[in-house]
Amino acid sequence: MNQALQLGFRTFINLSSFPVDPRKLGIGRLAPLRGKVMGSKRRSFSNPSSIADQNIDKKLRDAIDNDNYTISDNPILKDIKDDPSKIKAMTIQQLRTALRTAGIPPKGLKRELVSALQSYLAKEIDGESSLLADKQDPSNSDKRISMMMETKSVEDQVQDANSFSKVSEVQQSRRTVKQLQIKGKTVDVNAKIVATEQKKSACASGRMTSLTKKKASSDVDSKYVSAKNRVTLPVNQSEPWTILAHKKPQKGWIAYNPRTMRRSLPIENTKFVKILSWNVNGLRALLKLEGFSAMELAKQENFDVLCLQETKLQEKDVESIKQSLIEGYENSFWTCSNTRLGYSGTAIISRIKPLAVRYGLGISDHDSEGRVVTAEFDSFYLLSVYVPNSGDGLRRLAYRITEWDPSLGNYIKELEKSKPVILTGDLNCAHEEIDIYNPAGNRRSAGFTIEERQSFSTNFLSRGFVDTFRKQNPDVVGYTYWGYRHGARKGNKGWRLDYFLVSEAIADDVHDSFILPDVIGSDHCPIGLVLKL
52 MNQALQLGFR TFINLSSFPV DPRKLGIGRL APLRGKVMGS KRRSFSNPSS
102 IADQNIDKKL RDAIDNDNYT ISDNPILKDI KDDPSKIKAM TIQQLRTALR
152 TAGIPPKGLK RELVSALQSY LAKEIDGESS LLADKQDPSN SDKRISMMME
202 TKSVEDQVQD ANSFSKVSEV QQSRRTVKQL QIKGKTVDVN AKIVATEQKK
252 SACASGRMTS LTKKKASSDV DSKYVSAKNR VTLPVNQSEP WTILAHKKPQ
302 KGWIAYNPRT MRRSLPIENT KFVKILSWNV NGLRALLKLE GFSAMELAKQ
352 ENFDVLCLQE TKLQEKDVES IKQSLIEGYE NSFWTCSNTR LGYSGTAIIS
402 RIKPLAVRYG LGISDHDSEG RVVTAEFDSF YLLSVYVPNS GDGLRRLAYR
452 ITEWDPSLGN YIKELEKSKP VILTGDLNCA HEEIDIYNPA GNRRSAGFTI
502 EERQSFSTNF LSRGFVDTFR KQNPDVVGYT YWGYRHGARK GNKGWRLDYF
552 LVSEAIADDV HDSFILPDVI GSDHCPIGLV LKL
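Position one of the sequence shown corresponds to residue 52 (our numbering), numbered consecutively onward.
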């Protein structure tokens, strides 16, 4: 077993848990050796769920009487389970047929049918093992219900729920399937969920400090309560990103749910590379954080390259960190701020040895803050970038849009002359209104000014670089940054500031562009890219 050295008191990466040996040097050897993805094991927050008092109509109660079955019992559902991306391409008639097959009333517009089917698949995938166990031993369900209700009476939970939300004026209703366990029987229940504007919960817990892996057979953390023919179904506060949170939602928008929207890895013998990017907001602080394990992240995602931003390291820290990286990720490249110590900083950590590495843009006015690392691989350039924030009072706005953005745009276009470019990192711009919870209230906030948004288009998108997440998810609200104040992350009141931009030449080779909103430890979350080679 590899000997893992310590960063803080947590191991950084432990490759001994990987199903395959670390890949070496050339990207061309990468994908055929990859082990199977470990995406079925998800971490959960330890927040208690609030209980909302909701009335369930007659059709919902009728659904409770249906017999249990699994996706594998029906070829239609099995087909879309194997490839959930097919759901969006289905016609309304096909969606209704699939929902009827699942015993769900097929009512609503197409976006509601899509959401209902996606939620049903997520529940079936996570709950398949526990369903089988309950059929073999019906007492299991009774035990779980007892545990769910041991701390509060139904009346107490309903009263607590009165303070947790108010319904927004624009109701974006969607259907989602909840599992209700009653008297040893697992039943699928179709509940109508409306978009809500989160209020401060009266029973909010303290700051979460731990991430625990979910077992594949575990249910979501929400508590299900039954009383007098009524079923109370709460908003799942352990996964707040699955709630459509936006001040001005548009028709057709849906919330990002990685459990149903992430794609399976490419088929066997397909060569590909998997890259993660994360603004860690201080690497040393992250590694000392109780409950965070970089080893757990590496085991779950099995990435080839990790790009970091805002490491806040000094030059004197780099060597000790490089020596602490265990075998398999010994290729690491760091740049730090020279003008302000413990500020900014970017890095690339890789199990593949690059052909060459560059630091900065080659312009002294821009290269003193450690904002760019470029690694050249066999078939592409990879940049880890931390774009300057325009700052309080927009004091750096002019520098940002007249100097930095054009210089970065020119740099990547020059690289593109020899091979395609992947630009990733915290680009400090929510490009469109769908990318920010409160667009109207942030017109003159750094990161959402019209000047920054136009500069983003002019210097990157209009010059042939593709926003991979938006291309794959044109109507999906997914955030990557939540401020620490006012419980923004708990209410999913965020911004999408982190991107993978790629040259147009390889845009169609992007297999998946995704967000990992469940990974805590920073005010940003990681993002990922799977590129077929």
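Cβ coordinates follow ideal geometry from the N, Cα and C atoms, glycine included.
Since we're looking at a predicted model, the values are computed, not measured.
Which runs of the alpha helix (DSSP H), 4 residues or longer, sit entirely within the stretch 352–400? 366–375
So, are the CB atoms of E427 and T397 less than 9 Å apart? Walking along the sequence shown from the start, residue 427 turns up at place 376. Walking along the sequence shown from the start, residue 397 turns up at place 346. In this structure, T397 does not lie closer than 9 Å to E427 by Cβ.
Measuring CA to CA, which of I557, G534, D526 is closest to V517? Here residue 517 is taken as the residue at index 466 of the sequence shown, counted from 1. If you compare the alpha carbons of I557, G534, D526 with that of V517, the shortest gap goes to I557.
Beta-ladder partner(s) of W292, from DSSP: On the sequence shown, position 241 is the one that residue 292 refers to. Partner(s): none; W292 has no beta bridge.
With the cut-off set at 9 Å, would you say S383 and K373 are in Cβ contact? The sequence position of residue 383 within the sequence shown is 332, counting from 1. The sequence position of residue 373 within the sequence shown is 322, counting from 1. Closer than 9 Å, so yes.
Beta-carbon gap between K464 and G515 smaller than 9 Å: Residue 464 sits at position 413 when you count from the first residue of the sequence shown. Residue 515 sits at position 464 when you count from the first residue of the sequence shown. The answer is yes: Cβ separation under 9 Å.
Can you tell me the Cα-Cα spacing of P309 and E381, whole angstroms? Taking the first residue of the sequence shown as 1, we reach residue 309 at position 258. Taking the first residue of the sequence shown as 1, we reach residue 381 at position 330. In this model, P309 and E381 are separated by some 30 Å (Cα to Cα).
What is the DSSP secondary structure of R409, reduced to helix, strand or coil? Residue mapping note: residue 409 aligns to position 358 of the sequence shown, counting from 1. Correct three-state label for R409: strand.
Looking at S328 and D134, is the spacing between their C-beta atoms short of 9 Å? Position 83 of the sequence shown holds residue 134. Position 277 of the sequence shown holds residue 328. No, they are not a contact pair.
Just to confirm the assignment, what range does the alpha helix (DSSP H) spanning I127 have? Your numbering for residue 127 matches position 76 in the sequence shown. That run of the alpha helix (DSSP H) goes 126–133.
Expressed to the nearest angstrom, what Euclidean distance is found between the alpha-carbon atoms of G572 and Q523? The residue labelled residue 572 in the question sits at position 521 within the sequence shown. The residue labelled residue 523 in the question sits at position 472 within the sequence shown. Distance between the alpha carbons of G572 and Q523 is about 27 Å.
Look up R306 in the DSSP assignment and give the residues it is bridged to. Sequence index remark: in the sequence shown, residue 306 carries index 255 (1-based). The sequence given here has Ala at residue 306, not Arg. Answer is V528.
Buried or exposed: where does E503 fall if 16 or more other Cβ atoms within 10 Å of its Cβ makes it buried? Reading the sequence shown from its first residue, position 452 is the one you call residue 503. Result: buried.
How would you label S190, buried or exposed, when you count the other beta carbons within 10 angstroms and need 16 or more for buried? To locate residue 190, count along the sequence shown from 1; it is residue 139. Its pLDDT being 41, under 50, S190 is placed unreliably by the model, and the measurement read from it follows with that caveat. Its Cβ having fewer than 16 others within 10 Å, S190 is exposed.
Just the Cα atoms here: how many angstroms apart are T519 and L340? Counted from its first residue, the sequence shown places residue 519 at position 468. Counted from its first residue, the sequence shown places residue 340 at position 289. C-alpha separation (whole angstroms): 31 Å.
Does the distance from the C-beta atom of K544 to that of N479 stay below 9 Å? For the purposes of this step, residue 544 is taken as the residue at position 493 of the sequence shown. For the purposes of this step, residue 479 is taken as the residue at position 428 of the sequence shown. In this structure, the beta-carbon distance from K544 to N479 does not fall below 9 Å.
How is T425 classed by DSSP in three states: helix, strand or coil? By one-based count along the sequence shown, residue 425 stands at place 374. Strand at T425.
Three-state secondary structure (DSSP) at W455? By 1-based counting over the sequence shown, the position of residue 455 is 404. Note: W455 maps to helix in three-state DSSP.
Selection from T390, I485, I138 that minimises the alpha carbon distance to K299: Locating residue 299 in the sequence shown gives position 248, where the first residue counts as 1. Residue I485 is the option with its Cα nearest to K299.
For the stretch 487–513, list the alpha helix (DSSP H) runs that are entirely contained and at least 4 residues long, ordered along the chain. 501–510
For L164 and H482, what's the separation of their Cα atoms in angstroms? Position 113 of the sequence shown, counting from 1, holds the residue named residue 164. Position 431 of the sequence shown, counting from 1, holds the residue named residue 482. C-alpha separation (whole angstroms): 28 Å.
Span of the alpha helix (DSSP H), counted from its first residue to its last, around I143: Within the sequence shown, numbered from 1, the residue matching residue 143 stands at position 92. Residue range 143–152 is occupied by the alpha helix (DSSP H) that includes I143.
Rounded to the nearest angstrom, what separates P83 and I403 at their Cα positions? For the purposes of this step, residue 83 is taken as residue 32 along the sequence shown, with counting starting at 1. For the purposes of this step, residue 403 is taken as residue 352 along the sequence shown, with counting starting at 1. With a pLDDT of only 36 at P83, under 50, the local geometry of the prediction cannot be trusted, and the value read off the model is given with reservation. So the two alpha carbons sit approximately 14 Å from each other.
Between K161 and I143, which are expected to be in contact by the criterion C-beta below 8 Å, what is the C-beta distance as a whole number of angstroms? One-based indexing of the sequence shown puts residue 161 at position 110. One-based indexing of the sequence shown puts residue 143 at position 92. Contact holds; Cβ gap of about 5 Å.
Output needed for S508: all residues of its chain with C-beta closer than 8 Å, excluding positions within five of it in sequence on either side, in chain order. For this step, residue 508 is matched to residue 457 along the sequence shown. H482, listed in sequence order.
T585 (DSSP reduced to helix, strand or coil): The structure shown does not extend to residue 585, since the chain is modelled only from 52 to 584, so the question has no answer here.
Backbone CA spacing between A184 and R536 [nearest angstrom]: Your numbering for residue 184 matches position 133 in the sequence shown. Your numbering for residue 536 matches position 485 in the sequence shown. The pLDDT assigned to A184 is 39, lower than 50, so where the model puts this residue is not dependable, and the model offers no usable value.
At the 9 Å Cβ level, is K132 part of the contact set with chain C, yes or no? In the structure shown, chain C does not exist; there is a single protein chain.
Tell me whether the beta-carbon of S395 lies closer than 9 Å to the beta-carbon of G411. For the purposes of this step, residue 395 is identified with residue 344 of the sequence shown, where counting begins at 1. For the purposes of this step, residue 411 is identified with residue 360 of the sequence shown, where counting begins at 1. No, these two residues do not count as a Cβ contact at 9 Å.
Do V581 and W304 count as a contact pair if the criterion is CB distance below 9 Å? Position 253 of the sequence shown, counted from the first residue, corresponds to residue 304. Position 530 of the sequence shown, counted from the first residue, corresponds to residue 581. No, the pair does not count as a contact, with Cβ atoms beyond the cut-off.
Could you round the C-beta distance between A173 and I155 to whole angstroms and report it? I think they count as a contact, below 8 Å. Residue mapping note: residue 173 aligns to position 122 of the sequence shown, counting from 1. Residue mapping note: residue 155 aligns to position 104 of the sequence shown, counting from 1. The C-beta distance from A173 to I155 rounds to 13 Å, too long to meet the 8 Å contact threshold.
What span of residues does the alpha helix (DSSP H) with K522 cover, start to end? On the sequence shown, residue 522 is found 471 positions in, with the first residue counted as 1. Segment 519–523, the alpha helix (DSSP H) holding K522.
Return the chain-ordered list of same chain residues with a C-beta closer than 7 Å to the C-beta of L128, the five sequence neighbours on each side being excluded. For the purposes of this step, residue 128 is identified with residue 77 of the sequence shown, where counting begins at 1. Closer than 7 Å at Cβ, skipping near neighbours: I122, A149, T152, A153.
Considering only C-alpha positions, which residue in the set Y450, C358, I131 is nearest to I473? Start at 1 with the first residue of the sequence shown, and residue 473 comes out as number 422. The shortest Cα separation from I473 among Y450, C358, I131 belongs to C358.
Is the beta carbon of E13 sitting closer than 9 Å to the one on D416? As shown, the chain starts at 52 and ends at 584. That puts residue 13 outside it, with no answer to give.
Distance, Cα to Cα, R540 vs P457? Along the sequence shown, read from residue 1 onward, the residue named residue 540 stands at position 489. Along the sequence shown, read from residue 1 onward, the residue named residue 457 stands at position 406. Whole-angstrom Cα-Cα distance: 32 Å.
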